[in-house]
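Enquirer:
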Amino acid sequence: MEANSHQVSKNQDTSKLEIITPLFYRFNFTRAIQIAMAKFNKLAGKHVLVIGGSSGIGRGVVEGSIESGARVTLSGSSPQSAAAALSAIKSSYPDAQVAGIPCDLSKDSMEEDLEALFGEAEKVQPIDHVVLTAADPLLISDVQDITLDKIRRVARFRMELPLVLGKVAARHLARSNGCSLTISTGGIADRPSPQWSIMAFVAAGITGLTRNLAVDLKPLRVNAVEPGFVNTGLWASTGLTREQVATQVKAVAEKVPTGRAAEVEDVAEAYVYLMKDRNATGEIVKTRSGANLV
Ligand SMILES: NC(=O)c1ccc[n+]([C@@H]2O[C@H](COP(=O)([O-])OP(=O)(O)OC[C@H]3O[C@@H](n4cnc5c(N)ncnc54)[C@H](OP(=O)(O)O)[C@@H]3O)[C@@H](O)[C@H]2O)c1
0 MEANSHQVSK
10 NQDTSKLEII
20 TPLFYRFNFT
30 RAIQIAMAKF
40 NKLAGKHVLV
50 IGGSSGIGRG
60 VVEGSIESGA
70 RVTLSGSSPQ
80 SAAAALSAIK
90 SSYPDAQVAG
100 IPCDLSKDSM
110 EEDLEALFGE
120 AEKVQPIDHV
130 VLTAADPLLI
140 SDVQDITLDK
150 IRRVARFRME
160 LPLVLGKVAA
170 RHLARSNGCS
180 LTISTGGIAD
190 RPSPQWSIMA
200 FVAAGITGLT
210 RNLAVDLKPL
220 RVNAVEPGFV
230 NTGLWASTGL
240 TREQVATQVK
250 AVAEKVPTGR
260 AAEVEDVAEA
270 YVYLMKDRNA
280 TGEIVKTRSG
290 ANLV
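Okay, so the sequence shown: first residue is 0 according to numbering that gives the first Met the number 0, each after it adds one.
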């Protein structure tokens, strides 16, 4: 039976540190530490769904959530990628409560596919927090090369998906400030760069969407993380060679105040924070190596 740590008898000599419980057992120091830890250990026992948790930043969020005591369900674009991620995570965290579910979000059936993902994930435990990091490669293009097809391609993962996800999450998560949806944007939202007009457009749009969903879905919390450059497979999938990625990592490290390019375990902290802080909604948390300062 759980001890109620707050019920200390007024008539007691508190130096004896006894606690009134139905069983009247003596104060247990380990138990007191566990209760104290519950104040900040807010993800313990919660169920986190990471859409895009198979690799990159999402994989970092999966690992950060597991290390915070959460049950995690990750999704990947294919059965192979979801299974490979699950197997790697299980070998790093043998005791973790973790599942992997494939969900290809590139199709017009996105809403039904998300429904199926949520339905499968919540069979084991209701979902408390949803993180979206799934995205296709970046599209960097000279203005004269922009076409409607390109604009629509970018919109799939960076306009349609976060919006439809907000709709689906609202049907599955409790309307509680203890639950959250955290989506992803990028530093280009604040800082223009040649040939990045399409990406800047959608990244800035996600900040507006985040604030509005926070109002539409209240008291369920909705936030976004805005990373700067992070060393993930995104850059190779966008078309950079291994050497070009290495050059970019070096150039970032030489320029930014932190002196290094971010790794996923750095920016994953921002997602973990936003899941835990019941006071944060409509916020864009920026983690960008100080790149905005130089
Ligand atoms: N990396 C950066 O420098 C950086 C900077 C700013 C913002 N961001 C943003 O942060 C987010 C995550 O970036 P990242 O670097 O982690 O990317 P990443 O390493 O390329 O990972 C992308 C994730 O999306 C999933 N995905 C791709 N196609 C999918 C599909 N058709 N259906 C379902 N899932 C699919 C991938 O799953 P599979 O592996 O299973 O295919 C993978 O889990 C993106 O929105 C990105 O724009 C990244």
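Built from N, CA and C at the ideal position, the CB exists for glycine as well.
Is T181 near ligand 1, going by C-beta to nearest heavy atom under 7 Å?
Expert: No, since every heavy atom of ligand 1 falls outside the 7 Å radius drawn around the Cβ of T181.
Enquirer: Given this structure, state the Cα-to-Cα distance separating L131 from Y270, to the nearest angstrom.
Expert: Using only the alpha carbons, I get a separation of about 10 Å.
Enquirer: Would you kindly report the start and end of the unbroken beta strand (DSSP E) that includes E225?
Expert: Run containing E225: 220–226, per the beta strand (DSSP E) assignment.
Enquirer: Alpha carbon to alpha carbon, how far is C102 from S183?
Expert: Straight-line Cα distance between these residues: approximately 18 Å.
Enquirer: Short of 6 Å in beta carbon distance, which residues of its chain neighbour V61, apart from the five on each side in sequence? Order them along the chain.
Expert: Answer for V61: V49, G52, V71, L73, listed in chain order.
Enquirer: Below 8 Å on the Cβ atoms is my contact criterion, and I expect G99 with A87 to pass it. Report the Cβ-Cβ distance as a whole number of Å.
Expert: Contact flag wrong, Cβ pair sits at about 10 Å.
Enquirer: Spatial neighbours of Y24 within its chain, please: C-beta separation below 6 Å, excluding the five flanking residues on both sides.
Expert: Low local confidence applies: a pLDDT of 44 at Y24 is under 50, so the model's placement there is unreliable, with the coordinate-based value given in what follows. Excluding sequence neighbours, Y24 sits near nothing in its chain.
Enquirer: Kindly examine ligand 1 and report whether one of its heavy atoms sits closer than 7 Å to the Cβ of F228.
Expert: At least one heavy atom of ligand 1 is nearer than 7 Å to the Cβ of F228, so yes.
Enquirer: Using a Cβ-based criterion (distance less than 7 Å to any ligand heavy atom), does S91 qualify as near ligand 1?
Expert: S91: no, Cβ never under 7 Å from ligand 1.
Enquirer: Do F156 and A188 have their C-beta atoms closer together than 8 Å?
Expert: In this structure, A188 does not lie closer than 8 Å to F156 by Cβ.
Enquirer: Tell me whether I56, by its Cβ, gets closer than 7 Å to a heavy atom of ligand 1.
Expert: Yes, the beta carbon of I56 sits closer than 7 Å to at least one heavy atom of ligand 1.
Enquirer: Return helix, strand or coil for I285, following the three-state DSSP convention.
Expert: Sequence inspection shows Lys at residue 285; the Ile mentioned does not correspond to that position. K285 falls in the strand class under three-state DSSP.
Enquirer: Work out the CA separation of A261 and V229 for me, nearest whole Å.
Expert: Computed Cα separation, rounded: 5 Å.
Enquirer: For F117, count the other beta carbons within 10 Å of its own beta carbon; 16 or more makes it buried, fewer makes it exposed. Which is it?
Expert: Answer is buried; the Cβ neighbour count reaches 16.
Enquirer: For the beta strand (DSSP E) containing V47, list its first residue and its last residue.
Expert: Segment 46–50, the beta strand (DSSP E) holding V47.
Enquirer: Counting only runs that start and end within the segment 109–188, where is the alpha helix (DSSP H) found for 4 or more residues in a row?
Expert: The segment 109–188 contains these whole alpha helix (DSSP H) runs: 109–120, 147–154, 160–171.
Enquirer: Please return the same chain residues whose Cβ sits closer than 6 Å to the Cβ of D127, not counting the five positions on each side in sequence.
Expert: Once the five neighbours on either side are set aside, the close Cβ partners of D127 are K45, H46, C178.
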